[in-house]
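All residue numbers for the sequence shown refer to the working numbering, where the first residue is 359 and numbers rise by one.
Where a beta carbon is used, it is the ideal one built from N, C-alpha and C, also for glycine.
What you are looking at is a predicted structure, and each value in this text was computed from that prediction instead of being measured.
First comes the structure, then the notes that go with it.
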Amino acid sequence: MEKNIHIYSKNNFRIFTINSKNIINEFLSIHKPNAFNSLVYANIINAFPILNSVFSDEDIKVIYKLKTSGAVNNAIVEVQDGIFRALINNELDVKKEDINLNKIDFEKVIGKGVLTITKTQNNNSYSSQIELQHSTFIESINHFLLQSEQLYSACVWVLNFDEKDFHKVTRAELVLMQKMPQATENDIVFFEKFIKENVLKNSSLEEYISKLGAKKVDSKFVKSGCFCSIEKMKKVLENISYQELNKIFKENKNKIEIVCQFCKIEYEFSKEDFEKNKN
359 MEKNIHIYSK NNFRIFTINS KNIINEFLSI HKPNAFNSLV YANIINAFPI LNSVFSDEDI
419 KVIYKLKTSG AVNNAIVEVQ DGIFRALINN ELDVKKEDIN LNKIDFEKVI GKGVLTITKT
479 QNNNSYSSQI ELQHSTFIES INHFLLQSEQ LYSACVWVLN FDEKDFHKVT RAELVLMQKM
539 PQATENDIVF FEKFIKENVL KNSSLEEYIS KLGAKKVDSK FVKSGCFCSI EKMKKVLENI
599 SYQELNKIFK ENKNKIEIVC QFCKIEYEFS KEDFEKNKN
């Protein structure tokens with residue numbers, strides 16, 4: 359699989375880049391959300407999956423949850439082992455002509471809310487939470503990295519939709535520059551000047567990194583997928599008492615169907631699958 363996350367080093371900074379165009383388009387073509395949700399999915403997919411590389415641990419699972427008073431309502435992105443899945447929970451059905459997909463208005467779309475990031479490793483979980491008080495998802499991430507991880511970071515990004523197809527982006531990239539502990543004031547000034555004088559949307563991602571003169575040190579990939587399985591779904595049903603489960607089977611002609619909220623795969627179970635639990 360082609361690697362779409364690259365890690366560089368320059369002047370005591372680590373630089374993370376992601377080209378998420380293909381994974382966003384694949385996700386949107388499969389799930390076919392409405393225009394508004396396409397906009398939100400594209401933004402959170404362009405923003406969150408790259409953070410697992412920033413956290414560095416290969417076996418870490420990270421769940422990003424947005425809970426807002428605005429139009430998004432609730433959104434979740436889960437990332438582990440190079441796989442991400444995402445889900446938005448709202449009742450909006452906005453036509454394309456009612457929204458400018460190439461300019462997200464944070465105040466109207468998000469409103470007030472919180473971003474919760476939960477990291478799980480070796481069965482140990484810990485969460486951090488910040489208020490959403492910035493103009494974009496990306497700036498909220500910068501705030502999180504500074505407040506929770508004590509990592510000074512700066513992001514530049516570009517996200518453009520096809521004007522004729524809201525299930526297709528023409529460009530989706532992000533560059534995250536992270537200060538290392540040994541960075542000097544001169545290093546910080548160098549990056550601040552570079553960001554000010556170079557606009558990502560005015561060049562390709564490759565040209566941008568070339569101008570920066572950074573050295574590549576690693577590459578990774580992330581793709582759309584799911585973590586559901588028939589075993590996990592069965593465990594959900596096993597949490598229900600046998601008596602209640604038996605009642606459900608009787609009401610549904612001795613079968614139960616469960617649909618994964620993320621990938622929409624349907625799992626079907628018969629009464630015989632749970633006979634051993636009746637005692």
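Short Cβ contact (8 angstroms threshold) for Lys-368 with Ser-577
Counted from its first residue, the sequence shown places residue 368 at position 10. Counted from its first residue, the sequence shown places residue 577 at position 219. Pairing Lys-368 with Ser-577 gives a Cβ-Cβ distance that is not under 8 angstroms.
From Ser-568 to Asn-560, what distance separates their C-alpha atoms?
The residue given as residue 568 occupies position 210 in the sequence shown. The residue given as residue 560 occupies position 202 in the sequence shown. Taking the Cα positions, Ser-568 is about 14 angstroms away from Asn-560.
To the nearest angstrom, how far is it from the Cα of Phe-607 to the Cα of Lys-622?
In the sequence shown, counting from the first residue as 1, residue 607 sits at position 249. In the sequence shown, counting from the first residue as 1, residue 622 sits at position 264. One C-alpha to the other measures close to 22 angstroms.
Kindly identify the DSSP beta-bridge partner or partners of Glu-615.
Along the sequence shown, one-based indexing puts residue 615 at 257. Paired residues: Glu-626.
May I have the straight-line CA-CA distance separating His-525 from Ile-598, to the nearest angstrom?
Against the sequence shown, residue 525 aligns to sequence position 167. Against the sequence shown, residue 598 aligns to sequence position 240. Straight-line Cα distance between these residues: approximately 39 angstroms.
At a Cβ threshold of 8 angstroms, is Asn-380 touching chain C?
Going by chain labels, chain C is absent from the structure shown, which holds only one protein chain.
Counting Cβ pairs, one atom from each stretch, are 3 or more of them under 8 angstroms apart for the segment 369-376 and the segment 475-491?
The segment 475-491 and the segment 369-376 do not touch, with fewer than three beta-carbon pairs separated by less than 8 angstroms.
Could you round the C-beta distance between Lys-574 and His-364 to whole angstroms and report it? I think they count as a contact, below 8 angstroms.
Mapped onto the sequence shown, residue 574 falls at position 216. Mapped onto the sequence shown, residue 364 falls at position 6. So it is a contact: roughly 6 angstroms between Cβ atoms.
Is Val-527 near Lys-379, with beta carbons less than 8 angstroms apart?
Here residue 527 corresponds to residue number 169 of the sequence shown, with the count starting at 1. Here residue 379 corresponds to residue number 21 of the sequence shown, with the count starting at 1. Yes.
May I ask you to report which of helix, strand or coil DSSP gives Ala-541?
As a first step, residue 541 must be located in the sequence shown, where it is residue number 183. Under the three-state reduction of DSSP, Ala-541 is assigned to coil, being neither helix nor strand.
Relative to the alpha-carbon of Ser-511, which residue among Ala-541, Val-437 and Asn-404 has its alpha-carbon at the smallest distance?
Along the sequence shown, one-based indexing puts residue 511 at 153. Of the listed residues, the one whose Cα sits closest to Ser-511 is Ala-541.
Just to confirm the assignment, what range does the beta strand (DSSP E) spanning Ser-483 have?
Reading the sequence shown from its first residue, position 125 is the one you call residue 483. Per DSSP, Ser-483 belongs to the beta strand (DSSP E) from 482-489.
Between Phe-502 and Ser-485, how many whole angstroms is the CB-CB distance? I'm expecting something under 8 angstroms.
If you number the sequence shown from 1, residue 502 lands on position 144. If you number the sequence shown from 1, residue 485 lands on position 127. Rounded to the nearest angstrom, the Cβ distance from Phe-502 to Ser-485 is 11 angstroms, too far for a contact under 8 angstroms.
Between Ala-393 and Leu-459, how many whole angstroms is the CB-CB distance? I'm expecting something under 8 angstroms.
Numbered from its first residue, the sequence shown carries residue 393 at position 35. Numbered from its first residue, the sequence shown carries residue 459 at position 101. Between Leu-459 and Ala-393 the Cβ distance is about 6 angstroms, and since that is below 8 angstroms, they are a contact.
Three-state secondary structure (DSSP) of Ile-422:
Taking the first residue of the sequence shown as 1, we reach residue 422 at position 64. As written in the sequence, residue 422 is Tyr, which differs from the Ile given in the question. Reduced to three states, the DSSP call for Tyr-422 is strand.
Apart from the five residues on each side of it in sequence, which residues of its chain come closer than 6 angstroms, Cβ to Cβ, to Gly-583?
Working through the sequence shown from its first residue, we reach residue 583 at position 225. Answer for Gly-583: Ile-441, listed in chain order.
Would you kindly report the start and end of the unbroken beta strand (DSSP E) that includes Ser-511?
Counted from its first residue, the sequence shown places residue 511 at position 153. Residue range 511-520 is occupied by the beta strand (DSSP E) that includes Ser-511.
Given a cut-off of 8 angstroms, decide if Ala-444 and Ile-499 are closer than it, judged by their beta-carbon atoms.
Within the sequence shown, numbered from 1, the residue matching residue 499 stands at position 141. Within the sequence shown, numbered from 1, the residue matching residue 444 stands at position 86. Cβ distance not < 8 angstroms, so Ile-499 and Ala-444 don't count as in contact.
Where does Ser-427 fall in DSSP's three states?
In the sequence shown, residue 427 corresponds to position 69, counting from 1. Ser-427 falls in the coil class under three-state DSSP.
With DSSP collapsed to three states, give me the class of Lys-551.
Walking along the sequence shown from the start, residue 551 turns up at place 193. Here Lys-551 sits in helix by DSSP.
In the structure shown, what three-state DSSP assignment does Asn-604 receive?
Position 246 of the sequence shown holds residue 604. It is helical.
List the endpoints of the continuous beta strand (DSSP E) containing Glu-565.
Counted from its first residue, the sequence shown places residue 565 at position 207. From DSSP, Glu-565 is part of no beta strand (DSSP E) but of the alpha helix (DSSP H) over 563-570.
Between Val-430 and Asn-448, how many whole angstroms is the CB-CB distance? I'm expecting something under 8 angstroms.
What you label residue 430 is simply residue 72 of the sequence shown in a count that begins at 1. What you label residue 448 is simply residue 90 of the sequence shown in a count that begins at 1. Val-430 to Asn-448, Cβ: 6 angstroms. Contact.
According to DSSP, Asp-417 sits in a beta bridge with which residue or residues?
As a first step, residue 417 is located in the sequence shown; it is residue number 59 there, counting from the start. Note: Asp-417 sits in no beta bridge, so no partner.
Status (buried if at least 16 other CB within 10 Å, exposed otherwise) for Met-591
Here residue 591 refers to the residue found at position 233 of the sequence shown. So Met-591 counts as buried.
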